[in-house]
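Working notes for the structure below.
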């Protein structure tokens, strides 16, 4: 998925013709271009909308608790890389959904930076990429405010997408319990 269609679909406006398409000023976001090893701009871009998701929260593909329920995630951080087929484009590779957002030191930004750096190393040093059979190679990360501290990777079906899609997901539970960045990275 290239940059502009991905950005519009992230806002929910691409499919619905919602407010972000009608009023570009309504949808504000910050962009961060990660520097390369020499301190120059790289091909890794983080996009973080400054408003909650248009169209309501994202529901986790996984169910939790008794009775089973899906957790709601109001916030999104998107990670783009240099286009694999067209170097002038940006391809969406990661979406980090979070239940809350912090004004400073937001965990989703740190998670996204680490994911993009890892992806870049694996892609350019070893020639590997995400499995395209799971949502076209897109990985969704869910940062949860609750649950037993830790993390897991799951392969699920996201029925909130149209049509429902097989997805590669990572869950990080009780994010507030992590005080050591290395511990969080390990999870």
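In the working numbering, the protein residues as written are 1041 to 1227.
The C-beta atom is built at its ideal place from N, Cα and C for all residues, glycine as well.
Supposed contact pair residue j and residue i - C-beta distance, whole angstroms, cut 8 Å
i	j	result
residue 1186	residue 1214	6 Å
residue 1086	residue 1149	7 Å
residue 1073	residue 1081	5 Å
residue 1102	residue 1196	6 Å
Same chain only: Cβ atoms within 6 Å of residue i, ignoring 5 sequence neighbours per side
i	result
residue 1098	1113 and 1137
residue 1100	1110, 1111 and 1182
residue 1134	1119, 1155 and 1179
residue 1218	1224
residue 1210	1181 and 1193
residue 1141	1115
Buried or exposed by the 16-neighbour rule on C-beta atoms within 10 Å, applied to residue i
i	result
residue 1193	exposed
residue 1132	buried
residue 1068	exposed
residue 1130	buried
residue 1084	buried
residue 1063	Below a pLDDT of 50, predicted positions are generally treated as unreliable, and residue 1063, at 45, falls in that range; the measurement from the model is reported next regardless. With fewer than 16 other Cβ atoms within 10 Å, it is exposed.
residue 1221	exposed
residue 1107	exposed
residue 1075	exposed
Boundaries of the alpha helix (DSSP H) in which residue i is found, first to last residue
i	result
residue 1150	1147-1166
Cβ neighbours of residue i in the same chain (closer than 7 Å, five flanking residues each side left out)
i	result
residue 1202	none
residue 1057	Residue placement at residue 1057 cannot be trusted, given a pLDDT of 35 that sits under 50; what the coordinates show is reported in the next sentence. Excluding sequence neighbours, residue 1057 sits near nothing in its chain.
residue 1166	none
residue 1191	1210, 1211, 1212, 1213 and 1227
residue 1152	1086, 1117, 1119, 1134 and 1136
residue 1162	1168
residue 1124	1131
Residues near residue i in its chain [Cβ-Cβ closer than 8 Å; skip 5 each side]
i	result
residue 1175	1198, 1201, 1205, 1206, 1207 and 1208
residue 1121	1083, 1084, 1085, 1130, 1131, 1133, 1156, 1159, 1160 and 1163
residue 1105	none
residue 1216	1185
First through last residue of the beta strand (DSSP E) which encompasses residue i
i	result
residue 1205	1205-1213
residue 1226	Premise fails: residue 1226 lies in the alpha helix (DSSP H), 1221-1226, not in any beta strand (DSSP E).
residue 1125	No beta strand (DSSP E) holds residue 1125; DSSP gives it neither H nor E.
residue 1081	1081-1089
residue 1074	1069-1075
residue 1193	1190-1198
residue 1112	1109-1113
residue 1100	1098-1104
residue 1172	First-last for residue 1172: undefined, no H or E at that position.
residue 1132	1130-1138
residue 1180	1179-1183
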